[in-house]
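As you go down the protein sequences, you meet chains U and G in turn.
Just so you know, we're using the working numbering here: the first sequence kicks off at 1 and counts up by one.
Just so you know, we're using the working numbering here: the second sequence kicks off at 266 and counts up by one.
Ideal Cβ positions, reconstructed from N, Cα and C, are used throughout, including at glycine.
Everything on this sheet refers to the single structure shown next.
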Amino acid sequence: MLDIVNVEKTFNPGTINEKRALNGINLHLDEGDFVTVIGGNGAGKSTMLNMVAGVYPVDCGSIVIDGVDVTRLPEYKRAKYLGRVFQDPMTGTATDMQIEENLALAARRGKKRTLRTGITAKERAEYKELLKILDLGLENRLTAKVGLLSGGQRQALTLLMATLKKPKLLLLDEHTAALDPKTAKKVLDITEEIVRKDNLATIMITHNMADAIRVGNRLIMMHEGQIVVDVKGEEKKNLTIEQLLQLFEKSSGSKMTSDKVMLSK
Amino acid sequence: MEIFSQLFNALPGSISQGLIWGIMAIGVYITYRILDVADLTVDGSFATGGAVAVMLILNGCNLWLAMLVAFIAGLLAGAITGLLHTFMGIPAILAGILTQLSLYSINLKIMGKANQSVNVNQTELLVSLRWVKEFAFHNPLITVGLVLAIMIAALYWFFGTEMGCALRATGSNLNMSRAQGINTNFNKVLGIMLSNGLVAFSGAFLAQYQGFADVKMGQGAIVIGLAAVIIGEALFGKIFKNFALRLLSVAFGSIIYYIVIQAVITMGLDANLLKLLSAAIVAIFLAVPYWKKQYSQNHIRKVKGGSKNA
Chain U
1 MLDIVNVEKT FNPGTINEKR ALNGINLHLD EGDFVTVIGG NGAGKSTMLN
51 MVAGVYPVDC GSIVIDGVDV TRLPEYKRAK YLGRVFQDPM TGTATDMQIE
101 ENLALAARRG KKRTLRTGIT AKERAEYKEL LKILDLGLEN RLTAKVGLLS
151 GGQRQALTLL MATLKKPKLL LLDEHTAALD PKTAKKVLDI TEEIVRKDNL
201 ATIMITHNMA DAIRVGNRLI MMHEGQIVVD VKGEEKKNLT IEQLLQLFEK
251 SSGSKMTSDK VMLSK
Chain G
266 MEIFSQLFNA LPGSISQGLI WGIMAIGVYI TYRILDVADL TVDGSFATGG
316 AVAVMLILNG CNLWLAMLVA FIAGLLAGAI TGLLHTFMGI PAILAGILTQ
366 LSLYSINLKI MGKANQSVNV NQTELLVSLR WVKEFAFHNP LITVGLVLAI
416 MIAALYWFFG TEMGCALRAT GSNLNMSRAQ GINTNFNKVL GIMLSNGLVA
466 FSGAFLAQYQ GFADVKMGQG AIVIGLAAVI IGEALFGKIF KNFALRLLSV
516 AFGSIIYYIV IQAVITMGLD ANLLKLLSAA IVAIFLAVPY WKKQYSQNHI
566 RKVKGGSKNA
């Protein structure tokens with residue numbers, strides 16, 4: 001489903017701020033793989049996701065999604081294959097537009113946008129049903145501006161938008177990190193439900209080690225622009241946070257020091 | 266009392282001018298509010314519209330065809346700014362200034378000199394200030410009013426289409442738009458083109474209305490456009506929520522602007538100070554929302570401090 005082959009990325013090369021974000025990274029995802037990604041700040045987690053999404057060009061290497069080499073495609077063309085949810089709830093939706101208009105925009109991802117009506121009556125009815133499943137009361141606020149919604153509601157909506165037109169790959173960049181614990185749990189539950197229902201290949205970055213172990217069928221840990229731990233199947237199911245920390249120390253040769261990771265134990 | 270009767274006499278003229286500039290202001294609304302880009306091309310493209318229309322009319326071109334060509338000239342001017350911005354990476358404001366400056370030369374070339382007149386007695390025109398008090402179809406109030414109504418209807422339809430929604434999304438959130446597969450650069454160019462097309466169309470009307478086109482006729486147009494947008498929002502923002510009504514409020518804003526200008530001139534204000542006055546009004550109206558925000562932030566801070574000490 002996804003192949004990241006030997007991808008390197010250095011920001012601000014040749015300057016004092018030079019930062020080697022990805023150091024020849026390789027990752028292969030099978031159909032239906034749900035991978036959680038953990039690692040300290042600056043490990044290259046977000047950069048990896050942004051490389052797949054095409055936010056920045058790669059320095060070298062290639063990215064193949066479902067057999068299509070997208071390495072040279074601009075971000076908006078890759079969107080055809082991808083569903084994305086961001087850390088900042090403000091990023092994923094158009095705040096000046098209505099809930100139903102946002103959904104209609106997402107429903108047309110990867111299609112040519114013509115002079116046909118931007119949202120049909122049939123779609124409206126469909127969206128109402130879909131929003132009911134979220135159980136956030138949004139089904140009665142179809143024409144409300146998204147700017148009026150809370151962070152959790154927006155993330156849930158963005159998740160719905162990302163999966164409305166079934167993507168080849170779902171990219172979740174710490175999409176629950178900005179939410180309070182209760183809302184974060186709710187959004188994560190919705191995430192699991194949608195991913196299971198559509199059997200979506202998914203990459204989810206998280207700072208919460210417990211979530212990383214509990215959710216998905218595979219876990220990778222990143223350090224200094226490389227994947228240092230890759231655990232799958234039964235082995236992952238039986239993993240504990242202590243083991244995970246040990247694994248990290250062994251493979252990276254240093255202690256996991258990020259406060260965020262330690263605190264979220 | 267005399268001032269009032271003078272003002273009342275001048276009212277049809279003010280409203281006509283307001284309607285014509287209203288078309289221009291709706292063009293500004295598309296870039297400034299929908300696309301979230303301050304486009305300064307308009308000062309040049311407004312005059313381009315006037316120049317193109319007048320030269321075509323002087324050469325015996327069909328009047329509506331002349332208007333259409335003026336609109337297309339505006340689209341092209343907008344395309345230049347759009348490409349300077351998206352393809353060459355120049356900040357939008359600077360891209361607009363560059364196009365505006367180059368249009369000054371182009372407008373001179375189109376007209377062959379700094380201004381060209383069309384005499385309503387010798388040439389057939391769509392609108393003229395001589396007809397503002399005539400009870401007839403060619404009264405500018407009716408002609409421009411009708412065109413404006415059709416235009417608002419067309420824009421309302423367009424911004425409801427898939428393409429129009431993508432344009433609005435581009436103005437609202439670039440990251441989200443790209444993530445949803447929208448080519449944001451294309452949409453920026455499209456929006457700036459559409460805006461300048463309307464601005465040039467408005468310039469073509471004004472040139473006929475006043476009987477001449479001048480290379481300087483667009484000077485400060487952006488400020489008048491912004492004034493119309495801001496006045497419209499300040500007065501009707503609370504009641505006009507629908508998109509078509511919002512466009513209408515921009516046109517109303519333009520009409521009110523011209524009535525106010527007429528009033529201060531009638532009351533004896535030195536006409537040389539008009540542009541200063543317009544700029545001051547726009548500056549103050551732009552500052553008000555900012556000040557409101559500052560004030561409410563300070564207000565919250567005080568309450569928080571108070572509860573801590575209690």
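Query, Result
"Chain-order list of residues whose beta-carbon lies under 8 Å from that of V81(U) (same chain, five-residue window excluded)", "As written in the sequence, residue 81(U) is Tyr, which differs from the Val given in the question. Closer than 8 Å at Cβ, skipping near neighbours: I65, D66, V68, V70, G110, P167, K168 and L169."
"Three CB pairs or more closer than 8 Å across the segment 405-415 of chain G and the segment 282-290 of chain G", "yes"
"Outcome for E101(U) when other beta-carbon atoms lying within 10 angstroms are tallied against a minimum of 16", "buried"
"Three-pair Cβ contact test at 8 Å for the segment 148-159 of chain U versus the segment 458-476 of chain G", "no"
"Spatial neighbours of G436(G) in its chain, beta-carbon cut-off 6 Å, leaving aside the 5 residues before and after", "I299, L300 and D301"
"Within chain G, the residues that E123(U) reaches when beta carbons sit closer than 9 Å", "Residues of chain G passing the Cβ test: none, with the nearest at roughly 12 Å."
"Proximity test, Cβ basis, 9 Å: T351(G) and chain U", "no"
"Whether M376(G) touches V307(G) by CB criterion (9 Å)", "no"
"Beta-carbon proximity of A316(G) to A478(G), cut-off 9 Å", "yes"
"Chain U within 9 Å of T449(G), Cβ atoms only", "yes"
"Below-9 Å beta-carbon distance, N440(G) vs any chain U residue", "yes"
"Cut-off 7 Å between Cβ atoms - residues of its own chain near E31(U), not counting five sequence neighbours on either side", "M1 and A201"
"C-alpha distance - V515(G) paired with A312(G), whole-angstrom precision", "21 Å"
"Sufficient close CB pairs (3 or more, under 8 Å) joining the segment 168-187 of chain U to the segment 17-28 of chain U", "no"
"Chain-order list of residues whose beta-carbon lies under 8 Å from that of L323(G) (same chain, five-residue window excluded)", "Q381, V383 and T388"
"Whole-Å CB distance - Q475(G) paired with L368(G), under 8 Å assumed", "Rounded, the Cβ-Cβ distance is 19 Å, inconsistent with contact."
"Partner residues on chain G for L49(U), Cβ-Cβ distance less than 8 Å", "Correct list: empty, because the minimum Cβ distance to chain G is about 12 Å."
"Near-chain G residues of the segment 77-111 of chain U (beta-carbon distance less than 7 Å), N- to C-terminal order", "A79, K80, R84, T91, G92, T93, A94, T95, D96, M97, E101, A104, L105, A106, R108, R109 and G110"
"Through-space distance from A493(G) to S561(G), alpha-carbon basis", "27 Å"
"Under 9 Å between C-beta atoms of Y297(G) and L491(G)", "yes"
"According to DSSP, residues forming a beta bridge with L169(U)", "L82(U) and A201(U)"
"Any non-hydrogen atom of the ligand PLP within 8 Å of N26(U) CB", "Among the components of this structure there are no ligands whatsoever, and the ligand PLP is therefore not found."
"Residues near G570(G) in its chain [Cβ-Cβ closer than 7 Å; skip 5 each side]", "The pLDDT assigned to G570(G) is 47, lower than 50, so where the model puts this residue is not dependable; a value taken from the coordinates is nonetheless given after this. Same-chain partners within the cutoff: there are none."
"DSSP bridge partner residues for T408(G) (one or two, in chain order)", "Paired residue(s): none; T408(G) is not in a bridge."
"Nonlocal neighbours in the same chain, by C-beta distance under 6 Å from A505(G), ignoring five residues either side", "The sequence given here places Phe at residue 505(G); Ala does not occur at that position. Cβ within range, chain order: R511 and S514."
"E224(U) versus N217(U): straight-line alpha-carbon distance, rounded", "24 Å"
"Cβ-Cβ distance between L142(U) and I190(U) below 9 Å", "no"
"Three-state secondary structure assigned by DSSP to E399(G)", "coil"
"Interface positions of the segment 406-428 of chain G facing chain U (Cβ-Cβ less than 7 Å), listed along the chain", "G425, T426, E427 and M428"
"Simplified DSSP assignment, three categories, for S264(U)", "Its pLDDT being 46, under 50, S264(U) is placed unreliably in this model, and the value from its coordinates should be taken loosely. Coil at S264(U), not helix or strand."
"For C60(U): DSSP bridge partner residues", "E8(U)"
"When F11(U), P89(U) and A162(U) are compared against M51(U), the one with the closest alpha-carbon", "F11(U)"
"Cβ of R141(U) within 9 Å of any chain G Cβ", "no"
"Host alpha helix (DSSP H) of H350(G) (start-end)", "L328 to T351"
"Nearest-angstrom beta carbon gap, M441(G) and A94(U) [assumed within contact, 8 Å]", "6 Å"
"Outcome for D535(G) when other beta-carbon atoms lying within 10 angstroms are tallied against a minimum of 16", "exposed"
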